[in-house]
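K.L.:
This is the structure I have questions about; it appears just below.
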Amino acid sequence: MNEKNIIEQENKLMANVFGKRPIVITKGKGATVWDINGKEYVDCMGSYGVALLGHCHPKVVTAICKQAKSLISCHASLYNDKRTEFLEKLTNITPKGLNKAFLSNSGAESVECAIKLARKYTGKPEIIAMMGGYHGKTMGALSATWDKKYREPFLPLVPDIKHVPPDNLDKIKEAISEKTAAVLAEPIRGEGGVRVPPDGFLEGLRQICDENNVLLILDEVQTGFGRTGKLFGCEHWGVTPDIMCLAKPFAGGLPIGVTVAKEPIMSSFKVGEHSTTFSGSPLVCAAGCAAIDALIEEKLTENAAILGKYFKEQLEKLQTKHSIVKEVRGKGLMIGMELRFEVFSVILKAAERGVLILDAGRNVLRFLPPLVITKKQIDKAISVLDLVLGEEEYARAASCPVSD
């Protein structure tokens, strides 16, 4: 099929729930993807953070092909060698004390598990989440997500989940009650605009939870696996949660969700209380083993810190050049550029010139490139963005009437 037919058929046959761009991607390698016509793009979307190792990482491809010849599916009611290997590798890199995991298929599922687990362990129903936070779109995760455009069509949601202003320790203290099981937060709010918390916030949140015998759940679906220049975002502030939600890149591009917790907390689940058919699939676990090996052996976390600093500095130079740029923020290769207007036209124009960029709300450009991106590719992204921002700036200036 040609590009036009693919777009028509996918629009006809697939649920209309994704904000589509008129591009048909057919190939990827590292931080580069190609469309059906052979056009090359620098990928700063990274499949919304999934392609952290780069597209089709050779270690992951080899592991998938090898495992597919041996065993693809094995329900978790049976033991499996590759699942055990993955769990060992996983718990060797998670923060100290987070040593027992539940494996699922997505970030939203990892959050669902965390909410249930907090309620089961504490015997209390209430979860406190942050305004501006995003945790997924299944019913429990959606109930913890803030944006009304996601929530309102599906009311009523799960009860006893309430929201407080982000980065405000006093409001969190006030919100905690005798019914509170846990506080749920992202170390850096991704969908909410790539918002880095002020110094002292996560440390203070940990202390408040400890003082009130409340669990701390950190959603590291987007910040985990080296993205921010540390293995996990919480490590920037020396904070360890009681429960951590992981997903996106942990299986090198295959679907995975991980909820990892302190052993006494995870062990509060009894047989049959939480499960999923595909938990710990051998194929996914083989990819996950290869992904962890690649991350460590190729020092990609360190690469995220070095190239993230360079990328952010170049974006800050654009901020000084273009008045329509309000702020640049982020850590590692999780970066946001806030503009003074909606970003959709910038995203489309950048794509036309061979650079794929995400949004994070109506006026924030979000950059989640693979950690294998090169300086040359970053420079191309900056050059294209410079051109597009200049065009947008000129168009807005031309449309404003000049006063006498």
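So for the sequence shown, the numbering used here puts the first residue at 443; every next one is plus one.
Note that the Cβ used here is the ideal one computed from N, Cα and C, for glycine as well.
Given the structure is predicted, the values throughout are model-derived calculations rather than measurements.
1) Let me check understanding here. Comparing Cα to Cα, which of 765, 500, 599 and 466 lies closest to residue 740?
2) Using only the alpha-carbon positions, how far apart do residue 489 and residue 643 sit?
3) What residues match up with residue 544 in a beta bridge as DSSP calls it?
4) Return the CA-CA distance between residue 486 and residue 799, expressed in angstroms with no decimal places.
5) Return the residue from the list 509, 541, 474 and 491 that minimises the CA-CA distance to residue 704.
6) Any idea what DSSP makes of residue 673, helix, strand or coil?
7) To test your reading of the DSSP string, which unbroken beta strand (DSSP E) runs of 3 or more residues are found completely within the region 577–640?
8) Who are the near neighbours of residue 600 in its chain, counting only those whose CB is closer than 7 angstroms to its CB and skipping five residues on each side?
9) Looking only at its chain, what residues have a beta carbon closer than 6 angstroms to the beta carbon of residue 708, apart from the 5 residues adjacent to it on each side?
10) For residue 693, count neighbouring C-beta atoms within 10 Å of its own C-beta (all shown protein chains included) and say buried if the count is 16 or more, exposed if not.
11) Per DSSP, which residues does residue 476 bridge with? Please list them.
12) Give, in chain order, every unbroken run of the alpha helix (DSSP H) that is at least 4 residues long and sits entirely within the region 685–767.
13) Identify the continuous beta strand (DSSP E) that holds residue 571 and give its terminal residues.
14) So, helix, strand or coil for residue 772, using DSSP?
15) Hey, how far is the Cα of residue 778 from the Cα of residue 762?
16) Are the region 801–817 and the region 633–647 in contact at 8 angstroms, needing three or more beta carbon pairs?
17) Given a threshold of 16 other Cβ atoms within 10 Å of its Cβ, counted over all protein chains shown, does residue 619 qualify as buried or as exposed?
18) Return the first residue and the last residue of the beta strand (DSSP E) that residue 806 is part of.
19) What's the C-alpha gap between residue 846 and residue 672?
20) Pick helix, strand or coil for residue 553, following the three-state DSSP scheme.
21) Taking 6 angstroms as the limit between beta carbons, can you name the residues of its chain near residue 513, skipping five residues before and five after?
22) Assign residue 488 to one of three DSSP states: helix, strand, or coil.
23) Return the CA-CA distance between residue 710 and residue 786, expressed in angstroms with no decimal places.
24) Report yes if the CB atom of residue 797 is closer than 7 angstroms to the CB atom of residue 767, and no otherwise.
25) Just checking, does the region 529–539 make contact with the region 681–696 on the three C-beta pairs under 8 angstroms criterion?
26) Based on the DSSP output, what are the partners of residue 780 in its beta bridges?
27) Taking the straight line between their C-alpha atoms, what separation do you get for residue 511 and residue 728?
28) Reducing DSSP to helix, strand and coil, say where residue 814 ends up.
29) Three-state secondary structure (DSSP) at residue 455?
30) Buried or exposed: which applies to residue 719, given that a residue is buried once 16 or more other Cβ atoms fall within 10 Å of its Cβ?
31) Here's a check: name, in chain order, each residue in its chain whose Cβ is nearer than 8 angstroms to the Cβ of residue 838, leaving out the five neighbours to either side.
32) Does the Cβ-Cβ distance between residue 484 and residue 819 come in under 7 angstroms?
33) Count the other CB atoms within 10 Å of the CB of residue 577; is the residue buried (16 or more) or exposed (fewer)?
34) Identify, in the order they occur along the chain, each residue of the same chain with its Cβ nearer than 7 angstroms to the Cβ of residue 445, setting aside the five sequence neighbours on each side.
35) May I ask you to verify whether the region 596–611 touches the region 567–575, counting CB pairs closer than 8 angstroms and requiring at least 3?
36) Just verifying my parser: in three-state terms, what is the DSSP assignment at residue 517?
P.N.:
In terms of the structure at hand:
1) 500
2) 30 angstroms
3) 701
4) 5 angstroms
5) 541
6) coil
7) 603–606 and 622–627
8) 581, 582 and 585
9) 542
10) Residue 693 is buried by the Cβ-count criterion.
11) 469 and 482
12) 705–708, 724–739 and 742–763
13) 568–572
14) strand
15) 15 angstroms
16) yes
17) exposed
18) 806–809
19) Below a pLDDT of 50, predicted positions are generally treated as unreliable, and residue 846, at 42, falls in that range; no measurement from the model is reported.
20) helix
21) 724
22) helix
23) Straight-line measurement puts the Cα of residue 786 at about 46 angstroms from the Cα of residue 710.
24) no
25) yes
26) 769 and 806
27) Spanning the two alpha carbons is a distance of roughly 12 angstroms.
28) coil
29) helix
30) exposed
31) 766 and 783
32) yes
33) buried
34) 466, 478 and 479
35) Two segments are said to touch when three or more pairs of C-beta atoms, one from each, lie closer than 8 angstroms; by this definition the region 596–611 touches the region 567–575.
36) coil
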